[in-house]
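Residue numbers (the numbering used here): 12 to 84.
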């Protein structure tokens, strides 16, 4: 989906902030990325089936879970 409204007039110049981010990433030993609900689904991961069984089968058998949505505690 595309917007016909130009957004550049609403976005301030962020080159200084981007340069600061680049420098911080260059200095970092590692980067931790947190993602919210829906990211794995949009990437094509399923919440049940073969992949679930592969990674969560033993846990599911022990506690009776059927899919990853039931794993949230």
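Ideal Cβ placement from N, Cα and C applies to all residues, glycine included.
Alpha-carbon to alpha-carbon, residue j and residue i
i: residue 31; j: residue 41; result: 16 Å
i: residue 38; j: residue 51; result: 28 Å
i: residue 34; j: residue 26; result: 12 Å
i: residue 56; j: residue 24; result: 36 Å
i: residue 61; j: residue 72; result: 14 Å
i: residue 59; j: residue 74; result: 15 Å
i: residue 86; j: residue 65; result: The first residue shown for the chain is 12 and the last is 84, placing residue 86 beyond what the model contains.
i: residue 15; j: residue 49; result: 26 Å
Candidates the options, of which the one nearest residue i by Cα
i: residue 54; options: 64, 46 and 60; result: 46
Proximal residues to residue i (C-beta, below 8 Å), its chain only, five neighbours per side dropped
i: residue 29; result: none
i: residue 36; result: 42
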